[in-house]
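Trainee: I have a structure here, written as C-alpha cells, and I will follow up with some questions on it.
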Amino acid sequence: MLCEECGKAQATVHIERIINGRKMTTNLCRDCAQRSGLMTLGVLFQPSFSINSLMSAFLGSQIEALPSTGPGADGPRCPVCGMSYRDFARAGRLGCSRCYEVFEDRLEPLLRRIHGSDTHVGKAPAGTGERARIRRQLETLKRQLSKVVAEEAYEEAAELRDKIKEFEAKLRGNPA
Amino acid sequence: MTRRHADALQAILRNSSSPWMDGSGELGSVVISSRVRLARNLEDVPFPHLLSENDASSVLKKVLQAADSIGDKGFGGPVIQVSLNELSPLDCQVLVEKHLISPQHAEGKAGKGLLLRRDEAAAIMVNEEDHLRVQVLRSGLELEEAWVLASGIDDLFEQNLDYAYDERIGYLTSCPTNVGTGIRASVMVHLPALAVANETSRVLTAVNKVGLVVRGLYGEGTEGQGNVFQISNQITLGQTEKEIIENLSLVVRQVVTEEIKVREMLFKNHRIEVEDRVFRALGILSNARKLTSDEAIKLWSDLRLGVELGMVPGLEIKDVNEILVLSRPNFVQKYFGAALTANERDVRRAELVRKHLASRGV
Numbered sequence: 426m427l428c429e430e431c432g433k434a435q436a437t438v439h440i441e442r443i444i445n446g447r448k449m450t451t452n453l454c455r456d457c458a459q460r461s462g463l464m465t466l467g468v469l470f471q472p473s474f475s476i477n478s479l480m481s482a483f484l485g486s487q488i489e490a491l492p493s494t495g496p497g498a499d500g501p502r503c504p505v506c507g508m509s510y511r512d513f514a515r516a517g518r519l520g521c522s523r524c525y526e527v528f529e530d531r532l533e534p535l536l537r538r539i540h541g542s543d544t545h546v547g548k549a550p551a552g553t554g555e556r557a558r559i560r561r562q563l564e565t566l567k568r569q570l571s572k573v574v575a576e577e578a579y580e581e582a583a584e585l586r587d588k589i590k591e592f593e594a595k596l597r598g599n600p601a
Numbered sequence: 012m013t014r015r016h017a018d019a020l021q022a023i024l025r026n027s028s029s030p031w032m033d034g035s036g037e038l039g040s041v042v043i044s045s046r047v048r049l050a051r052n053l054e055d056v057p058f059p060h061l062l063s064e065n066d067a068s069s070v071l072k073k074v075l076q077a078a079d080s081i082g083d084k085g086f087g088g089p090v091i092q093v094s095l096n097e098l099s100p101l102d103c104q105v106l107v108e109k110h111l112i113s114p115q116h117a118e119g120k121a122g123k124g125l126l127l128r129r130d131e132a133a134a135i136m137v138n139e140e141d142h143l144r145v146q147v148l149r150s151g152l153e154l155e156e157a158w159v160l161a162s163g164i165d166d167l168f169e170q171n172l173d174y175a176y177d178e179r180i181g182y183l184t185s186c187p188t189n190v191g192t193g194i195r196a197s198v199m200v201h202l203p204a205l206a207v208a209n210e211t212s213r214v215l216t217a218v219n220k221v222g223l224v225v226r227g228l229y230g231e232g233t234e235g236q237g238n239v240f241q242i243s244n245q246i247t248l249g250q251t252e253k254e255i256i257e258n259l260s261l262v263v264r265q266v267v268t269e270e271i272k273v274r275e276m277l278f279k280n281h282r283i284e285v286e287d288r289v290f291r292a293l294g295i296l297s298n299a300r301k302l303t304s305d306e307a308i309k310l311w312s313d314l315r316l317g318v319e320l321g322m323v324p325g326l327e328i329k330d331v332n333e334i335l336v337l338s339r340p341n342f343v344q345k346y347f348g349a350a351l352t353a354n355e356r357d358v359r360r361a362e363l364v365r366k367h368l369a370s371r372g373v
C-alpha cells in the first residue's frame with residue numbers, strides 16, 4: 426500500500442482514529458506520518474495507568490458524595506492549617522501533616538485505592554518515630570489527668586503527674 | 012547566600028559537564044543516570060503550598076541550620092546553600108535544564124531554597140511541593156548506591172529536624188501519592204534502536220502496565236525527545252524502599268536487554284545505514300552555523316548511538332552528553348551572558364557545539 430499523503434513511499438504507519446463515532450484509518454509512510462503530527466508519541470504511547478489520574482477520579486467521586494450546602498457541609502477543619510476535606514479534594518494536596526489524622530477515615534480508602542495498601546513497611550526514622558510515640562502517650566496521660574482532676578481523685582492525679590514528668594524528661598532526652 | 016557559595020553556583024551554571032552524566036556506571040551505554048528522591052516534611056507546619064513567604068523563610072532557615080550542623084561530610088562533599096529568590100529567573104531555568112531542580116521549584120518565591128553538592132551528585136530542594144526533597148543522582152544504573160546516600164543524608168537531617176511521620180502510614184507528604192516511603196526512584200534511558208524499529212511504544216506500554224510511569228527527558232509532554240525516557244515508580248506505600256528499587260531495576264534491565272538486542276541486529280544487518288546516520292549527525296553538529304534545540308537533540312541521539320556502538324573514535328559518552336546540556340536555550344544564554352533572540356540562540360548554540368566537538372578533536 427502506498428502512502429496516502431505523498432503517494433510515493435510505502436505506507437508503514439496506520440493510524441486509526443474515531444471521528445464522530447466513525448473509525449477512520451489513515452495510511453502513511455513514516456516521513457509523512459511524522460510531518461502530519463499524528464504520530465507523536467502521545468498517540469503511539471498512551472499510559473494506561475497513572476496514580477494521579479486514579480486519585481483525581483476518586484476525589485471527584487468523594488466530592489460528589491459530600492453534602493453541598495448547609496452548616497457543616499465542609500465537615501471538620503484541620504486545627505493546624507484550617508483545611509477542610511473539600512479543600513483537599515479540590516487541590517489534591519493536603520495542608521499539613523496533621524490533616525492525615527483529621528481526615529483519616531476518608532484518606533484510608535484513598536490510600537488503598539492509589540497504593541493498593543494503607544500500611545507503611547519501609548524505613549522508619551530512628552528518632553521521630555520514638556518521639557511521636559512518647560508524644561502520643563503524653564497526650565493520653567494529660568487527658569487522663571484532666572479527667573481525674575475533675576473527679577477530684579487527687580491520689581491518681583499525683584501518680585499521673587509523676588508519669589507525665591517522666592515522659593517529658595524522655596522527650597527532652599531525645600532532642601530533635 | 013554567601014559570596015563563596017554564589018561564585019560556586021555560577022561555576023556550576025556555566026559548566027556543561029556533570030559527573031552524574033559521565034557515562035560511567037552499570038549499563039552506561041543505555042542508562043544515562045539514576046535518581047532517588049525522598050519527600051520529607053516538618054511536623055505540624057503547613058506544607059509549602061499553604062505557607063506564607065515569612066513562614067516559608069523560617070522553614071528554610073531551619074533546614075539551612077540543620078545543614079550547617081551536618082556539614083559537608085554528611086553529603087559526601089562540599090555543599091552550597093542557595094536561596095532561589097536571590098537568583099535571576101535565567102539562573103533558575105538553567106538549574107531546571109541541568110535537572111537539579113524541578114520547573115515548579117524554579118519560580119523563585121521567597122523561602123525556596125536549594126542545597127547542592129558542588130559536583131551536583133546530591134541536592135535538597137527546600138519548600139518545593141514538600142518541605143524537603145532529598146535527591147541523589149548517579150551515572151548509569153546505580154539506584155542502590157543512590158538510595159544509600161539519600162537515606163544517609165535523610166538520617167542526618169532527621170536528627171536535627173522534627174519530621175512528620177506516622178507509624179502506620181509512614182512519612183507524611185503534601186500529596187497522598189507520595190506518602191509512606193516518600194521515595195521516587197527514576198532511571199533515565201536512551202532508546203534509539205527501539206525507536207528505529209518502531210518498538211518504543213510496545214516496550215514502554217509494557218513498563219506502564221507493571222505500575223511504573225514513563226516520562227520524557229524534561230518531564231511530562233516531552234516524551235520521545237532525543238529518544239530519552241525516564242522510568243520511575245509510582246507506588247510509595249506498602250512496599251519497602253529496597254523492593255521499589257529492585258522492582259524498578261529489574262524492569263529497566265529488561266528494557267535495556269530489548270534495546271541492546273535491536274542494536275545488535277541493526278549493527279549486524281544495517282551497519283552502513285546506522286553509520287550513515289551517525290556520521291551525518293556528527294557532520295552537522297560539528298559544522299552547522301545554526302542549530303535549533305529540536306534539531307540538536309535529534310542529532311544528539313544519533314551521535315550518542317554511534318558512540319555507544321563504538322563507531323566514533325575520539326568521542327566518549329560523557330563528551331556527547333555535554334551536548335545535551337550546552338544546547339539548552341537557557342544554558343546558551345547563560346554561557347554567553349546575554350538575553351538572545353531565538354535566531355541568535357540558534358547561531359550561538361551551533362557555535363558552542365562546534366567548539367565543543369573541535370576541542371575533542373572531532
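Sequences listed follow chains A and B, in order. If you're matching positions, the first sequence starts at 426 in the numbering used here and goes up one per residue. If you're matching positions, the second sequence starts at 12 in the numbering used here and goes up one per residue. Backbone N, C-alpha and C fix where the C-beta goes; we use that ideal spot for every residue, glycine too. Every value quoted in this text rests on a predicted model; they were computed, and no experiment measured them.
Taking only three categories from DSSP, how would you classify PHE240(B)?
Mentor: strand
Trainee: By how many angstroms is the C-alpha of LEU75(B) removed from the C-alpha of GLY191(B)?
Mentor: Spanning the alpha carbons of GLY191(B) and LEU75(B) requires a straight line of approximately 25 Å.
Trainee: Smallest Cα separation from LEU296(B): which of LEU337(B), LEU126(B), SER260(B), SER94(B)?
Mentor: Out of LEU337(B), LEU126(B), SER260(B), SER94(B), LEU337(B) has the C-alpha closest to the C-alpha of LEU296(B).
Trainee: Is it a yes or a no for the stretch 77–97 of chain B touching the stretch 128–136 of chain B, going by three-plus beta-carbon pairs under 8 Å?
Mentor: yes
Trainee: Could you please give me the residues that DSSP links to HIS439(A) through a beta bridge?
Mentor: Paired residues: ASN452(A).
Trainee: Check GLY467(A) in the structure and name its three-state DSSP category.
Mentor: Since pLDDT at GLY467(A) reaches only 42, below the 50 mark, its modelled position is unreliable, and the value read off the structure follows with that caveat. Helix.
Trainee: Since PRO492(A) meets chain B, which of its residues come closer than 9 Å, beta carbon to beta carbon?
Mentor: Those do not exist, as PRO492(A) stays about 23 Å from chain B at its closest Cβ, beyond 9 Å.
Trainee: Do you know whose CA, among HIS201(B), VAL147(B), ASN209(B), GLU118(B), lies nearest ARG315(B)'s CA?
Mentor: Nearest of HIS201(B), VAL147(B), ASN209(B), GLU118(B) to ARG315(B), Cα basis: HIS201(B).
Trainee: Consider the C-beta atom of LEU316(B) and the heavy atoms of the ligand SAH; say whether any pair is separated by less than 8 Å.
Mentor: Judged by which ligands are present, the structure shown has none, so any question about the ligand SAH falls away.
Trainee: Does GLU526(A) have its Cβ less than 9 Å from a Cβ in chain B?
Mentor: yes
Trainee: Taking the alpha carbon of THR188(B) as the point to measure from, which residue in LYS433(A), LEU532(A), ILE440(A), ARG523(A) has its own alpha carbon closest?
Mentor: LEU532(A)
Trainee: Please classify CYS457(A): is it buried, with 16 or more other beta-carbons within 10 angstroms of its beta-carbon, or exposed?
Mentor: With 16 or more Cβ atoms within 10 Å of its Cβ, CYS457(A) is classed as buried.
Trainee: What in chain B is Cβ-close to MET480(A), meaning under 9 Å?
Mentor: Within 9 Å Cβ-Cβ: CYS186, PRO187, THR188.
Trainee: Check each residue of the stretch 516–548 of chain A: if its Cβ is closer than 7 Å to any Cβ of chain B, include it; give the result in chain order.
Mentor: GLY517, ARG518, LEU519, GLY520, CYS521, SER522, ARG523, TYR525, LEU532, LEU535, LEU536, ILE539, HIS540, GLY541, SER542, ASP543, THR544, HIS545, VAL546, GLY547, LYS548
Trainee: Give the single residue among ARG291(B), GLY230(B), PHE278(B) whose Cα lies nearest to the Cα of SER312(B).
Mentor: Nearest C-alpha to SER312(B) among ARG291(B), GLY230(B), PHE278(B): ARG291(B).
Trainee: Note down, in chain order, each residue of its chain lying with its Cβ closer than 6 Å to the Cβ of GLY237(B), except the 5 sequence neighbours on either side.
Mentor: Sequence-distant partners of GLY237(B) (beyond 5 residues in either direction) whose C-beta falls short of 6 Å from its own C-beta, in its chain, are LEU228, ILE308, TRP311, SER312.
Trainee: For chain B, is any of its Cβ atoms less than 9 Å away from the one on GLY467(A)?
Mentor: The predicted position of GLY467(A) is uncertain, since its pLDDT is 42 and thus under 50; a value taken from the coordinates is nonetheless stated next. At least one chain B Cβ lies under 9 Å of GLY467(A).
Trainee: What does the alpha-carbon distance come out to for the pair LEU466(A) and LEU215(B)?
Mentor: For LEU466(A), the predicted structure reports a pLDDT of 44, less than 50, and the residue's modelled location is therefore unreliable. A value from the coordinates is still provided. Their backbone Cα atoms lie some 11 Å apart in a straight line.
Trainee: If the cut is a Cβ gap below 8 Å, which residues of chain A does ILE180(B) touch?
Mentor: TYR525, LEU536, ASP543, THR544, HIS545
Trainee: Use the C-beta contact count for LYS220(B): other C-beta atoms within 10 angstroms, 16 or more gives buried, fewer gives exposed.
Mentor: exposed
Trainee: Along the chain, where does the alpha helix (DSSP H) that runs through ILE180(B) open and close?
Mentor: From DSSP, ILE180(B) is part of no alpha helix (DSSP H); its letter is neither H nor E.
Trainee: Can a CB atom of chain A be found closer than 9 Å to the CB of GLU257(B)?
Mentor: no
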